[in-house]
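In the UniProt record's numbering, the protein residues as written are 1 to 121.
C-beta: ideal position from N, C-alpha, C; glycine also.
Heads up: the structure comes next, in structure tokens.
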Amino acid sequence: MRKVILSAIFDIELKTVDTGYIARDRSHNFRLDDGYLFHAEPYSGSTTKLPQTSLGQGSDVVLGLMNKVYARESNGQPRVVMDNLFTSIPLLNELSKKGISGTGTVRENRLKTLHFHQRKA
Numbered sequence: 001m002r003k004v005i006l007s008a009i010f011d012i013e014l015k016t017v018d019t020g021y022i023a024r025d026r027s028h029n030f031r032l033d034d035g036y037l038f039h040a041e042p043y044s045g046s047t048t049k050l051p052q053t054s055l056g057q058g059s060d061v062v063l064g065l066m067n068k069v070y071a072r073e074s075n076g077q078p079r080v081v082m083d084n085l086f087t088s089i090p091l092l093n094e095l096s097k098k099g100i101s102g103t104g105t106v107r108e109n110r111l112k113t114l115h116f117h118q119r120k121a
């Protein structure tokens, strides 16, 4: 079923690799274990159209994709789950302002203003 959906979205041949799919001639692995893929755009360098914010390229990618999903989503609050390459506190704040829930692991170097207590051994 997932292969049929992805084939319809991308109109390209897909090859099965483990439980994910790889779009032919691309290196992106679209793993869909739970939920649905609403929108995806292969990154094509400087020709990729991203919104320009002061939050950085990773945040620009997330905001660009979520703006398109948010425009389609009419039932409930849109949600996005990100890996630590994209997640930052300013991005989560911006998503919250737009009414979008965001979840992700934050890299320690992106928490410069927060101080954590050391765990006791």
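- Residue burial annotation: Ile89 is exposed, with fewer than 16 other C-beta atoms found within 10 angstroms of its C-beta.
- The three-state secondary structure of Thr103, taken from DSSP, is strand.
- For the pair Gly104 and Gln77, the CB atoms are not nearer than the 8 Å cut-off.
- As the crow flies, the alpha-carbon of Arg110 is around 13 Å from that of Ser59.
- Leu92 has its alpha-carbon roughly 21 Å from the corresponding atom of Lys49.
- Scanning Leu95, Gly45, Glu41, Val80 for the CA closest to the CA of Thr53 turns up Leu95.
- With a beta-carbon spacing of about 5 Å, Arg107 and Asn84 fall inside the 8 Å limit used to define contacts.
- Just measuring C-alpha positions, the residue of Leu114, Ser46, Gly56 sitting nearest Phe86 is Gly56.
- With respect to Met82, Gly64 sits apart: the two C-beta atoms are not nearer than 8 Å.
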